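Participant: Below is one structure. I have some questions about it.
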Amino acid sequence: MNNPLISIIIPIYNVTPYLKECLDSVVNQSYKHLDIVLVDDGSNDESLNIALEYLNKDERIFLISKENGGLSSARNMGLEFIKGTKLRSFFEDEKEQDIISFTSTHTFDKNTKIINKEIIKSNFIQIQKRYIKTNIENINDLLVQELPNSIIHFLDSDDYFLNDCIELCVKEMIEKDLDICAHGF
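Just so you know, we're using full-length UniProt numbering here: the sequence shown kicks off at 1 and counts up by one.
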């Protein structure tokens with residue numbers, strides 16, 4: 001765990017005045033081993049265009065554009081598309097395979113469900129290699145999969161990181177052998 005992949009999920013909804021500062025603070029981190037997942041939650045301002053601008057400038061960014069469903073649905077959509085998930089791999093690797101995932105209920109019972117290529121293609125449109133558009137408002141209606149072993153951090157799109165924030169968190173996690181590091185909530 002010397003150089004773990006850090007996934008940062010940034011839900012976006014009508015935050016044009018703040019988004020560039022937020023994204024600059026992430027892409028300019030001293031810690032570079034990042035997976036940056038932007039989820040546009042149906043913005044009707046220039047937020048999606050700003051996200052597209054950053055997508056085209058930084059290979060670490062993956063963008064999902066969806067219908068408005070609220071902050072939680074945007075975060076959940078982002079979780080399904082962090083690097084290492086089967087859904088993300090489907091679009092990045094273009095594998096001809098069935099996607100197996102798990103649906104969680106409120107009682108945390110798991111029901112295995114097969115999501116095949118046709119179901120994915122009917123719910124997601126690949127605009128660019130790292131840009132997916134969906135008509136799904138709530139991803140939990142379709143799937144919730146087991147997450148890969150990585151560190152996940154949520155950042156509100158009207159907020160920003162200080163320059164060495166991620167590097168310092170990773171260093172502390174390695175030194176103290178932590179799996180989760182909560183800060184600033």
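For each residue, glycine too, the CB sits at the ideal point set by N, CA and C. None of the values given here were measured: they were computed from a predicted structure.
#1: With H, G and I counted as helix, E and B as strand and the rest as coil, what does DSSP make of Thr16?
#2: Quick one: using the 10 Å Cβ neighbour count with 16 as the cut-off for buried, is Glu80 buried or exposed?
#3: Tell me, to the nearest whole angstrom, how far the beta carbon of Tyr131 is from that of Leu63; I am working on the premise that it is less than 8 Å.
#4: Assuming the contact rule is C-beta atoms closer than 8 Å, Leu87 and Ile61 should be a hit. Round their C-beta distance to whole Å, please.
#5: To the nearest angstrom, how far is the alpha carbon of Ser65 from that of Gly42?
#6: On the DSSP bridge assignment, give the partners of Gln29 in chain order.
#7: So Lys57 is in the alpha helix (DSSP H); what residue range does that whole segment cover?
Facilitator: Well, looking at it:
#1: Thr16 sits in a helix when the DSSP states are folded into three classes.
#2: buried
#3: 5 Å
#4: Distance from Leu87 to Ile61 at the Cβ level is roughly 17 Å; contact not present, criterion being Cβ atoms closer than 8 Å.
#5: 7 Å
#6: Answer by DSSP bridge pairing: none, since Gln29 is not bridged.
#7: Ser47 to Lys57
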